[in-house]
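In what follows, a structure is listed as structure tokens, so that the remarks can point back to it.
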Amino acid sequence: DAKTTQPTSMDCAEGRAANLPCNHSTISGNEYVYWYRQIHSQGPQYIIHGLKNNETNEMASLIITEDRKSSTLILPHATLRDTAVYYCIVNNAGNMLTFGGGTRLMVKP
Amino acid sequence: NAGVTQTPKFRVLKTGQSMTLLCAQDMNHEYMYWYRQDPGMGLRLIHYSVGEGTTAKGEVPDGYNVSRLKKQNFLLGLESAAPSQTSVYFCASSYPKASYNEQFFGPGTRLTVL
Chain E
56 DAKTTQPTSM DCAEGRAANL PCNHSTISGN EYVYWYRQIH SQGPQYIIHG LKNNETNEMA
116 SLIITEDRKS STLILPHATL RDTAVYYCIV NNAGNMLTFG GGTRLMVKP
Chain C
390 NAGVTQTPKF RVLKTGQSMT LLCAQDMNHE YMYWYRQDPG MGLRLIHYSV GEGTTAKGEV
450 PDGYNVSRLK KQNFLLGLES AAPSQTSVYF CASSYPKASY NEQFFGPGTR LTVL
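Chains as they are written, first to last, in this note's numbering: chain E, 56 to 164; chain C, 390 to 503.
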């Protein structure tokens, strides 16, 4: 599976959009981009995934560049409860998800 | 519908003791996983199972054994605990579809080995 690179930490003001970048320049054609988050001490939670097209669900939007070498997770109106570690994972729908260090997002009032 | 549950929530062991962590899911998922998470780190896969009666090694399997005798349960065993196994253990399950593999995680078990 391709490796990903994410900033270690980010801050966002409450009510503003949080844009979390992820670089996956070695992604192959059949690999999906997944985003999970882990709120303090809890188990990770699935957010969204995509292959080529941009995706949106009730939690977030995922923007994947045309060359698929990077993506951005967008939380449109961040709340304090969105403070968490966000993991970007590239996987070919196989069994193993490889969690890197993730981005620690701090939403501030 | 409880999702994924883990037993116990907390445990303290002495070096050399053994224990079993239980994971249960009520979503009829085929795949189940055991991860460990050390402080400040991401999760690392220990073992996983793609169905009842099957198990496979993950990234960090040494010192652990697993069993999947029933579809809904996945057991993680430590035969002789070591301080290096102090960690938070997460279980997950999934029903992989053709296009993606969404995993559902339990609340975790905090294990301290003295």
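Think of the CB as a built atom: it goes at the ideal place given N, C-alpha and C, for glycine as much as any other residue. All values reported here derive from a predicted model rather than from experimental measurement.
Contact between Leu-160 (chain E) and Tyr-89 (chain E) fails: their C-beta atoms lie close to 17 Å from each other, not under 8 Å.
The alpha helix (DSSP H) runs lying completely inside the stretch 66–150 of chain E and spanning 4 residues or more number zero.
Here Asn-490 (chain C) really is in contact with Asn-146 (chain E); their C-beta atoms are around 7 Å apart, less than 8 Å.
The straight-line gap separating the alpha-carbon atoms of His-79 (chain E) and Gln-61 (chain E) is approximately 9 Å. Going by C-alpha positions, Tyr-424 (chain C) is about 27 Å away from Ile-129 (chain E). When DSSP states are grouped into helix, strand and coil, Gln-474 (chain C) belongs to the helix group. Taking the Cα of Asp-66 (chain E) as reference, the smallest distance to any Cα among E:Ile-144, E:Gly-156 and E:Val-140 is reached at E:Val-140. Cβ contact annotation for Thr-63 (chain E) (same chain, cutoff 8 Å, sequence separation greater than five): Gly-156, Thr-158 and Arg-159, in chain order. DSSP places Lys-163 (chain E) inside the beta strand (DSSP E), whose first and last residues are 158–163.
When secondary structure is reduced to three states using DSSP, Lys-446 (chain C) falls in the strand class.
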